[in-house]
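For reference, the structure is listed below as structure tokens.
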Ligand code: PLP
């Protein structure tokens, strides 16, 4: 990214050599993303974020394919949940938001019952929940979508670069991702669109991204996205072992602090090792816990990053029936974290809890 910012000033739409060089950088990045997902290069489109990617897909696919019902869940990220509520006003369709159990899992039987009913359906279910780490059964969801001829949109922001995704194995129609979730730069994302389900563009006025997203491309962001993704998939197996070890270490230590500390989301299977949501028992000044962790130099979160700072109970915590008098804090781990850092978090929590 440094090299491109310092030396590569060509506009990828220009036909001179500097432009062609910039275009080459983007196309090389597209190959990396396509290869990672076992997709074709023509099925990958770069965007400014996953939010833009999700908005593009939902707002264009629903009217274009005459979707009459959209099936989602109560634990989707706001850039899917709020977008669907907005779109329903503009272009009426049945919006079915599936309930989840106390770990954040949907009922696949309920999904199938709804898919069996008449009408062209789109299923919009995330891969990995960003607040509690629960992973949906994408294989069975994809099979059901295939069986009932429904489109399958999957927000895979918390999964890309952290697990293997094969667009054909799970019958995905659309997948979205954001580079900063796998150590790439902020404001660079992409979507995969199966070549059987081409949607019209959201942004008009330029031929960039093969007419799918007008506007001069973020060349250094796209290059950073691909470099980070390449790094993550190359080291995936080692990273997964590292993250599972960090998670297990943290959970064992945090549960020693107090008998009434629980871990939210799936525990035995179908969980992401990089997200640990901890439910603390009620105590005086519990609402100051995150603030005090911050003062101690520990960056944790109480909801999704986009909504933290706003005093509102997270829809995910509401959906899993997390009691309102308890405080849930999400600790996220990366391969750059250490057990020493976890020890420091544990020591800090011991001081902060009564
Ligand atoms: N989807 C999920 C599951 C997320 O966790 C996030 C960000 O936290 C997004 C979508 C939005 O990503 P971005 O803000 O990069 O558009």
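Residue numbers (my numbering): 1341 to 1694.
Cβ coordinates follow ideal geometry from the N, Cα and C atoms, glycine included.
Check your understanding: When the Cα atoms are used, what is the spatial distance from residue 1572 to residue 1565?
Key -> Looking at the two C-alpha atoms, the distance is approximately 11 angstroms.
Review point. For residue 1633, which residues of its own chain have a beta-carbon under 7 angstroms away from its beta-carbon, when the five flanking residues on both sides are left out?
Key: For residue 1633, same chain residues with a beta-carbon under 7 angstroms away, outside a window of 5 residues either side, are 1640 and 1688 in chain order.
**Study point:** Of the listed residues 1505, 1498, 1464 and 1408, nearest to residue 1458 (C-alpha basis)
**Key:** The shortest C-alpha separation from residue 1458 is found at 1408.
Review point. Once you ignore the five residues that flank residue 1646 on each side, which residues in its own chain have a CB closer than 7 angstroms to its CB?
Key: Interpretation of residue 1646 is limited by its pLDDT of 46, a score under 50 that renders its predicted location unreliable; no figure is taken from the coordinates.
Exercise for review: Starting from the N-terminal side, write out each stretch of the beta strand (DSSP E) that is 3 residues or longer and does not extend beyond the segment 1374 to 1431.
Suggested key: Listed in chain order, they are 1384 to 1387 and 1409 to 1413.
Review point. Going by C-alpha distance, which of 1694, 1602 and 1460 is nearest residue 1670?
Key: Restricting attention to 1694, 1602 and 1460, the CA atom closest to the CA of residue 1670 is found in 1602.
Practice item. Specify, as a first and last residue, the run of the alpha helix (DSSP H) that residue 1683 falls within. Key: For residue 1683, the enclosing alpha helix (DSSP H) has its first and last residue at 1679 to 1692.
Point to revise | Residue span of the alpha helix (DSSP H) that contains residue 1584, given as start and end | key: Segment 1576 to 1597, the alpha helix (DSSP H) holding residue 1584.
Exercise for review: List the DSSP bridge partners of residue 1504.
Suggested key: Bridge partners of residue 1504 according to DSSP: none are assigned.
Check your understanding: DSSP three-state call for residue 1342: helix, strand or coil?
Key -> In the structure shown, residue 1342 falls within a helical segment according to DSSP collapsed to helix, strand and coil.
**Study point:** Where residue 1635 falls, given that 16 or more other Cβ within 10 Å makes a residue buried
**Key:** Flag for residue 1635 reads exposed.
Point to revise | Counterpart residues of residue 1529 in DSSP-defined beta bridges | key: Bridge partners of residue 1529: 1387 and 1518.
**Study point:** Below-8 angstroms beta-carbon distance, residue 1349 vs any chain C residue
**Key:** Any reference to chain C falls outside this structure, which holds one protein chain only.
Check your understanding: residue 1568: beta carbon under 7 angstroms from a heavy atom of the ligand PLP?
Key -> A distance criterion of 7 angstroms places the beta-carbon of residue 1568 beyond contact range of the ligand PLP, judged by its closest non-hydrogen atom.
Check your understanding: Roughly how many angstroms separate the alpha carbons of residue 1507 and residue 1517, rounded to a whole number?
Key -> Approximately 13 angstroms between the Cα atoms of the pair.
Check your understanding: Leaving out the 5 sequence neighbours to the left and right, which residues in its chain are closer than 6 angstroms to residue 1488 when beta-carbon positions are compared?
Key -> Take residue 1488, set aside five residues on each side of it, and the residues of its chain with a beta-carbon closer than 6 angstroms to its own are 1455, in chain order.
Review point. When every heavy atom of the ligand PLP is checked, does at least one fall within less than 7 angstroms of the C-beta of residue 1419?
Key: The beta carbon of residue 1419 sits closer than 7 angstroms to at least one heavy atom of the ligand PLP.
Check your understanding: Between residue 1495 and the ligand PLP, is the CB less than 7 angstroms from at least one heavy atom?
Key -> In terms of side-chain proximity, the C-beta atom of residue 1495 is found nearer than 7 angstroms to a non-hydrogen atom of the ligand PLP.
Review point. Helix, strand or coil: how does DSSP classify residue 1362 here?
Key: Helix.
Review point. Quick one: any contact between the segment 1489 to 1496 and the segment 1460 to 1467, if contact means 3 or more CB pairs under 8 angstroms?
Key: At 8 angstroms Cβ cutoff, the stretches touch.
Point to revise | Assigned exposure category for residue 1650 - 16 Cβ within 10 Å defines buried | key: Because the pLDDT of residue 1650 is 49, which lies under 50, any placement of that residue in the model is unreliable, and the question is left without a value.
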